[in-house]
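If you read the sequence shown in the numbering used here, its first letter stands for residue 489, the second for the next number, and so on. Even for Gly, the Cβ is constructed at its ideal location relative to N, Cα and C.
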Amino acid sequence: MPPAVIIPTYNESENIALLISELHQFVPELVVMVVDDNSPDGTGKLLDSLAARDARVFPLHRPAKLGLGTAHIAGIKQALARGYEPILTMDADFSHAPRFVPAMLREMQKYDLVIGSRYAPGGGTLNCTAARRALSRGANLFARTVLGLNATDTTAGFRAYRRAVLESIALDNIKSNGYSFLIEMLYQCQEQGWRIGETPILFENRQRGTSKISRQEIFKALGTVMHLRFEKGRLGSRVVRSTSQL
Ligand SMILES: Nc1nc2c(ncn2[C@@H]2O[C@H](COP(=O)(O)OP(=O)(O)O)[C@@H](O)[C@H]2O)c(=O)[nH]1
Ligand SMILES: [Mg+2]
Numbered sequence: 489m490p491p492a493v494i495i496p497t498y499n500e501s502e503n504i505a506l507l508i509s510e511l512h513q514f515v516p517e518l519v520v521m522v523v524d525d526n527s528p529d530g531t532g533k534l535l536d537s538l539a540a541r542d543a544r545v546f547p548l549h550r551p552a553k554l555g556l557g558t559a560h561i562a563g564i565k566q567a568l569a570r571g572y573e574p575i576l577t578m579d580a581d582f583s584h585a586p587r588f589v590p591a592m593l594r595e596m597q598k599y600d601l602v603i604g605s606r607y608a609p610g611g612g613t614l615n616c617t618a619a620r621r622a623l624s625r626g627a628n629l630f631a632r633t634v635l636g637l638n639a640t641d642t643t644a645g646f647r648a649y650r651r652a653v654l655e656s657i658a659l660d661n662i663k664s665n666g667y668s669f670l671i672e673m674l675y676q677c678q679e680q681g682w683r684i685g686e687t688p689i690l691f692e693n694r695q696r697g698t699s700k701i702s703r704q705e706i707f708k709a710l711g712t713v714m715h716l717r718f719e720k721g722r723l724g725s726r727v728v729r730s731t732s733q734l
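What follows is the structure in structure tokens.
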């Protein structure tokens, strides 16, 4: 089965067509599953017209903005049902550049989960404000320290998962959204003992469209990390499957 990538979108009409075409330049067989939350800017309609011309494009429409985490889960469930291997996730805004996908796919020969990482040796960020860089660094330090995560980039949405990894996680028990969803998924993968690797990427701030991650989500992420840590302490070494309501 071919690999698939899941891309959540909310108002990404300026980016998505270009991104899909660039992805196919690097990985022609890639199935692109885009989870659109009824974007007011017409991203969903654009996707339907792309899908009519290209069988590798697979739009999933949701009725309203329901959050990044549930968008990932909806996409993952579809990708699992359709048998794709491996299953990648990335953002629509070119912060995760298609040119890094081949290296991530190559690393899947060694790992069960590969993270496109800003903080692995050779990685970095471009055009990000000092505030955003500090926020990302702080969130990573916090998640790594509190949960004992080994990866350097714990909030990155640029990932490649082996199917078996996703099948091992109780997706319906994951309630968190936004950044906390990504931390929670990584935590579950590490707890299950999967081999986790990182490939360096240059993360570029978006040039088109606007960021949708709110300040409120950042605070929720802090709460989720604390909740996961609490559960871990309470359950000892048992695998934690039920998770935060945050
Ligand atoms: N389907 C869906 N996609 C979302 C939602 N929130 C953000 N996204 C998408 O998730 C990706 C990351 O969001 P972005 O605004 O770039 O976050 P930032 O880079 O952290 O500021 C982008 O592709 C967004 O379009 C949502 O509620 N639903
Ligand atoms: Mg972004």
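Under the three-state reduction of DSSP, which class applies to residue i: helix, strand or coil?
i      : result
Gly666 : helix
Glu502 : coil
Phe546 : strand
Pro590 : helix
Asp524 : strand
Ile657 : coil
Thr642 : coil
Ser730 : Below a pLDDT of 50, predicted positions are generally treated as unreliable, and Ser730, at 42, falls in that range; no measurement from the model is reported.
Gly721 : helix
Thr497 : strand
His512 : helix
Met673 : helix
Ser583 : coil
Arg529 : Per the sequence shown, the amino acid found at residue 529 is Asp instead of Arg. Three-state DSSP puts Asp529 in coil, outside helix and strand.
Ala569 : helix
Gly697 : coil
Ala627 : helix
To which residues does DSSP link residue i through a beta bridge?
i      : result
Val713 : None; Val713 has no bridge partner.
Ala648 : Leu576 and Val602
Pro688 : Ser605
Thr613 : Phe691
Ala492 : Val519 and Ile575
Thr633 : DSSP, once it has assigned bridges, lists no residue as partnering Thr633.
Who are the near neighbours of residue i in its chain, counting only those whose CB is closer than 7 Å to its CB and skipping five residues on each side?
i      : result
Asp525 : Tyr498, Arg550, Ala552, Lys553, Leu554 and Ala559
Lys700 : Tyr498
Thr531 : Thr497, Asn499, Glu500, Ser501, Ile504 and Asp524
Of the choices the options, whose alpha-carbon is the least far from that of residue i?
i      : options                           : result
Lys634 : Gly530, Glu510 and Val713         : Looking at the sequence itself, residue 634 is Val, so the reference to Lys does not match. Per the Cα distances, Val713.
Glu686 : Gln566, Arg647, Ile561 and Phe546 : Arg647
Gly604 : Leu576, Pro490, Leu548 and Ala580 : Leu576
Leu670 : Arg621, Met578 and Arg620         : Met578
Ser668 : Val653, Ser624 and Phe582         : Ser624
Thr617 : Gln695, Met596, Ile508 and Tyr649 : Gln695
Tyr675 : Asp542, Gly666, Pro688 and Ile657 : Ile657
Tell me which residues share the same chain as residue i and place their Cβ nearer than 6 Å to its Cβ, disregarding the 5 neighbours each side in the sequence.
i      : result
Pro586 : Glu510, Leu511 and Phe514
Gln733 : Confidence is the limiting factor: at Gln733 the pLDDT is only 38, short of 50, which leaves the residue's position unreliable, though a coordinate-based value still follows. If we look at Gln733 and ignore the five residues flanking it on each side, its Cβ neighbours are Lys663.
For residue i, collect the residues of the same chain with a Cβ closer than 8 Å to its Cβ; drop the 5 residues on either side in sequence, then sort them by chain order.
i      : result
Arg717 : Val634 and Leu635
Pro609 : Pro688
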